[in-house]
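Below is one structure, written out as structure tokens; the observations come after it.
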Amino acid sequence: NAGVTQTPKFRILKIGQSMTLQCTQDMNHNYMYWYRQDPGMGLKLIYYSVGAGITDKGEVPNGYNVSRSTTEDFPLRLELAAPSQTSVYFCASSAPGTDTQYFGPGTRLTVL
Amino acid sequence: GESVGLHLPTLSVQEGDNSIINCAYSNSASDYFIWYKQESGKGPQFIIDIRSNMDKRQGQRVTVLLNKTVKHLSLQIAATQPGDSAVYFCAETPTGANSKLTFGKGITLSVRP
């Protein structure tokens, strides 16, 4: 299994541009999550999903959107990039009832 | 808890010594606890977990201790190696929270050769 994969690894955006961060897992996990990690800080939950077609807001959802059309994929969309969205973004997944989340390698995003 | 400031606490240990990394949590309803290791430029990696019906759990070179009375969690690493140098995070979740983890402040472990 590849586990949780994320693309791209790095990206630089200009203010106002949009982009989609991709996340895919091949462990057949129902639950998926998006986090952001700012320098020297812990992880903050942006959005999560408990299954295909179901998404919900986390702690810091403003400026982001998600969709979950399949079990495997959970893309994160930034519509109007702002400098405050400069961060490292991690996707994670877990199986129901286990609580253990498995993380992808992250996407480093810079908005200039 | 929330992180404040830009610098994580740092624990410096001599190679071969034992390391103890501590974490306090605030949610009395939390019943699942987990430790992650994050190396530079990588995603968090699962180390060990524990449920609230236990107070100690051992893995390979690592032990997690849970004190529910004082809401305290610790990670012990035996015979610390240079490869253990990383940022360590504790996280918690109560039952029924859709496995949403609340992450604590990270602690940087630096191993001196």
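First to last, the protein sequences are chains A and B. Quick note on our numbering: the first sequence kicks off at 1 and runs consecutively. Quick note on our numbering: the second sequence kicks off at 1001 and runs consecutively. Where is the CB? At the ideal position from N, CA and C, for every residue including glycine.
Exposure label - residue i; buried when at least 16 CB within 10 Å
i: R68(A); result: buried
i: D1185(B); result: The first residue shown for chain B is 1001 and the last is 1113, placing residue 1185(B) beyond what the model contains.
i: F1103(B); result: buried
i: G1043(B); result: buried
i: D1084(B); result: buried
i: D26(A); result: exposed
i: G106(A); result: buried
i: T1010(B); result: exposed
Backbone secondary structure at residue i - three-state DSSP
i: P1094(B); result: strand
i: D99(A); result: coil
i: P38(A); result: In the sequence as presented, Pro is not what sits at residue 38(A); that position holds Asp. Coil at D38(A), not helix or strand.
i: D1084(B); result: helix
i: Q85(A); result: helix
C-beta contact flag for residue i and residue j at 7 angstroms
i: C1023(B); j: L1073(B); result: yes
i: I1107(B); j: I1021(B); result: yes
i: T110(A); j: I12(A); result: yes
i: S1012(B); j: S1110(B); result: yes
i: T24(A); j: D73(A); result: yes
i: Y47(A); j: G40(A); result: no
Three Cβ pairs or more, each shorter than 8 angstroms: is that satisfied between the stretch 52–65 of chain A and the stretch 77–88 of chain A? Enough Cβ pairs lie closer than 8 angstroms, so yes.
Could you tell me whether the stretch 11–28 of chain A touches the stretch 1068–1084 of chain B, where touching means 3 or more Cβ pairs closer than 8 angstroms? The stretch 11–28 of chain A vs the stretch 1068–1084 of chain B: no contact.
Below 8 angstroms, can you find three or more Cβ-Cβ pairs linking the stretch 91–98 of chain A to the stretch 23–38 of chain A? Flag = yes, the stretch 91–98 of chain A and the stretch 23–38 of chain A touch.
Taking one C-beta from the stretch 1087–1099 of chain B and one from the stretch 1033–1043 of chain B each time, how about it: are there three or more such pairs within less than 8 angstroms? With a cut-off of 8 angstroms, the stretch 1033–1043 of chain B and the stretch 1087–1099 of chain B count as touching, because enough Cβ pairs lie within range.
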